[in-house]
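Note that UniProt numbering has the sequence shown beginning at 1, numbered continuously upward. Idealized CB from N, CA, C, for every residue including glycine.
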Amino acid sequence: MPAARLSERPSSRCDRGRRARSPASPIAARHSRPRRPDHTSNRHLAGARPTGHLATMSDHLPLPRVRQAPTDPAFYANPYPTYAAMRGAGDLVFWEDYGFWCAAGYERVSALLRDRRFGREITHVATRAELGWPEIPEHLAPFYAFEAHSMLEREPPTHTRLRGLVNRAFVSRAIDRLKPTIAAIVDAALDRMIARRGQATTHDQRAGEPASGLGFAAAATGLVGAEAVDLVEAFATPVPVETICALLGVDVRLAPQMLAWSHAMVGMYQFGRTRAEEDAAVAATLAFSELMRGIIDARRGAPGDDLLSDLIAAADGSDRLSEDELITTAILLLNAGHEATVHAIANAVPLILSVEPERRPALFRDDDATERTVEECLRYDPPLHLFTRYALDDVEIGPVRFRRGDRVGLLLAAANRDPDRWTIPDCFDPDRPVQPHASFGAGIHFCVGAALARAEIGIALPRLIDRMPRLALVCDPVRRDAYHFNGYDRLAVTW
């Protein structure tokens, strides 16, 4: 099958809803010194330095730097030209807006993900005072107290213990047992989509008005026009959300509220967050934790055949999973299903629709073809673009000297478009041979749910195309106005 040519402008089928002029070349002269970064809005992020400190890494280094606001609509709609410029500028580039060095090439990103001189946690080797960091402000203390128990933010030996307990649920045989449940969830979502469009058409014929005029109830069920459905809301969201609820044994009727809390919590990772967003994240963290505490207490008296019951047994057994670790781990897994996998499924759909309808079934003609298609979607338009690490000690990477506590940004999506690793990387090619990409990270923090996400995408996309072979976008997709989790607000489709 010929490749679907999206190479004329990277992500051309994916970002038209937010199309703006391409940002000017963000790479400054190689021999100019990085200006002192302003961390005013995000300086209390765990691990952030006081204003001006990070520049000391490079005060005497004639290395490339980038000025590119992550909040620029032209950038988050299509960041790949900026990524290409960063890869071409050097092995490491100083991103002034964030105030840290970044790696954009696949080889360097992959190496740093595995480099044990860098970690997700730093306060296990030095106190905030020793690092010269300000104290966490009082209003953010509940959020960081919660995050302190997350395996995503821990290093060995704590990370090893937590990861080992959770890994049991994500081995291949466990995922295989879950596949019939995923398929049933996918089929039910498709049934609802078809029913909703029929309801909209009937209403329009009766009332003579567009379905978008049906009010909040219609919008909440995915209707965006007379015969159009928002695929993000009606399909890409419920499939992973209901799947992770099934895995944990959490009542799916709680999913809408948990989804809202999850959205609020990930606001803490966005660039330039506001005090209102911080307060919302803290409130969501406290409410989510209280809900999970109640669910866990009830499950102790009536355990089931689910991951949450297994984690409770571990908490009560020799593995010594604390109550706070149990709550945080459950919420971490729920949030992963609420955010990353939702965007992974939604991001894949415009790519599949760039292939001619008569050729789409061949994308999923067998297991090998399905794997190639899924991996190419994950490579080409991943949901997570930036992941960070802390230097656990003084480290030199080429000409850059990191001091203990300094951050380095790993641009996963940029690494996935590296021409030194992939031929014509800005072309979506579902026949491309499978090879590892950076979308799930690497090393000890490799995404614990990668196998589950692959299974969900590999079941959802073929069934979507099989049930709706003439699926089409009815208007330009609309990108979220966010950089950290990169995805779509809406995908209005018909079939």
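For residue i, the three-state DSSP class (helix, strand or coil)
i      : result
Arg128 : helix
Val342 : helix
Arg117 : coil
Asn416 : coil
Ala228 : coil
Leu321 : coil
Ile295 : helix
Glu155 : coil
Ile397 : strand
Phe440 : coil
Phe402 : strand
Ala189 : helix
Pro73  : helix
Phe170 : helix
Arg13  : Only weak support is given to the placement of Arg13: the predicted model assigns it a pLDDT of 38, under 50, and the value that follows is read from those uncertain coordinates. In this structure, Arg13 counts as coil in the three-state DSSP scheme.
Ala460 : helix
Arg467 : helix
Asp279 : helix
Arg360 : helix
Val434 : coil
Ala302 : coil
Gly272 : coil
Asp251 : coil
Glu371 : helix
Thr160 : helix
Asp176 : helix
Val349 : helix
Ser110 : helix
First and last residue of the uninterrupted beta strand (DSSP E) at residue i
i      : result
Tyr488 : Tyr488 to Arg490
Phe387 : Leu386 to Ala391
Whole-angstrom C-beta distance between residue j and residue i, which should lie under 8 Å
i      : j      : result
Ala314 : Leu165 : 5 Å
Pro70  : Tyr483 : 4 Å
Ala228 : Val474 : 5 Å
Leu393 : Arg404 : Contrary to the premise, residue 393 reads as Asp rather than Leu in this sequence. Confirmed, about 5 Å.
Pro240 : Thr341 : 4 Å
Glu138 : Arg128 : Not really, about 14 Å apart at Cβ, beyond 8 Å.
Phe143 : Ala281 : 6 Å
Thr388 : Pro462 : Contact flag wrong, Cβ pair sits at about 35 Å.
Glu356 : Val266 : With a Cβ gap of about 36 Å, Glu356 and Val266 do not count as contacting.
Asp426 : Tyr80  : 7 Å
Leu63  : Pro399 : 6 Å
Ala189 : Ala234 : 7 Å
Gly487 : Ala336 : With a Cβ gap of about 14 Å, Gly487 and Ala336 do not count as contacting.
For residue i: DSSP bridge partner residues
i      : result
Trp101 : Phe94 and Val408
Ile194 : The partner list for Ile194 (beta bridge, DSSP) is empty, contrary to what the question assumes.
Thr494 : Ala472
Phe485 : Leu384
Val448 : Its beta-bridge partners do not exist; DSSP assigns none.
Arg479 : Tyr488
Residue i and residue j closer than 7 Å at C-beta
i           : j      : result
Glu153      : Glu121 : yes
Trp101      : Val408 : yes
Ile345      : Ile465 : no
Leu248      : Asp310 : no
Asp418      : Gly90  : no
Arg65       : Val232 : no
Leu386      : Thr373 : no
Ile244      : Leu334 : yes
Met151      : Arg168 : no
Leu92       : Ala103 : yes
His124      : Glu155 : yes
Arg300      : Ile312 : yes
Pro430      : Glu376 : yes
Arg197      : Val395 : no
Phe428      : Leu351 : yes
Ala453      : Lys179 : no
Ser439      : Pro361 : no
residue 501 : Asp230 : Since the first residue shown for the chain is 1 and the last is 495, residue 501 is missing from the structure and cannot be characterised.
Ala442      : Ser172 : no
His263      : Phe485 : no
Where the alpha helix (DSSP H) through residue i begins and ends
i      : result
Val239 : Pro238 to Leu248
Trp261 : Ala255 to Val266
Ile122 : From DSSP, Ile122 is part of no alpha helix (DSSP H); its letter is neither H nor E.
Tyr80  : Tyr80 to Ala89
Ile136 : Neither: Ile136 is in no alpha helix (DSSP H) and is coded neither H nor E.
Ser309 : Leu307 to Ala315
Tyr144 : Ala141 to Glu147
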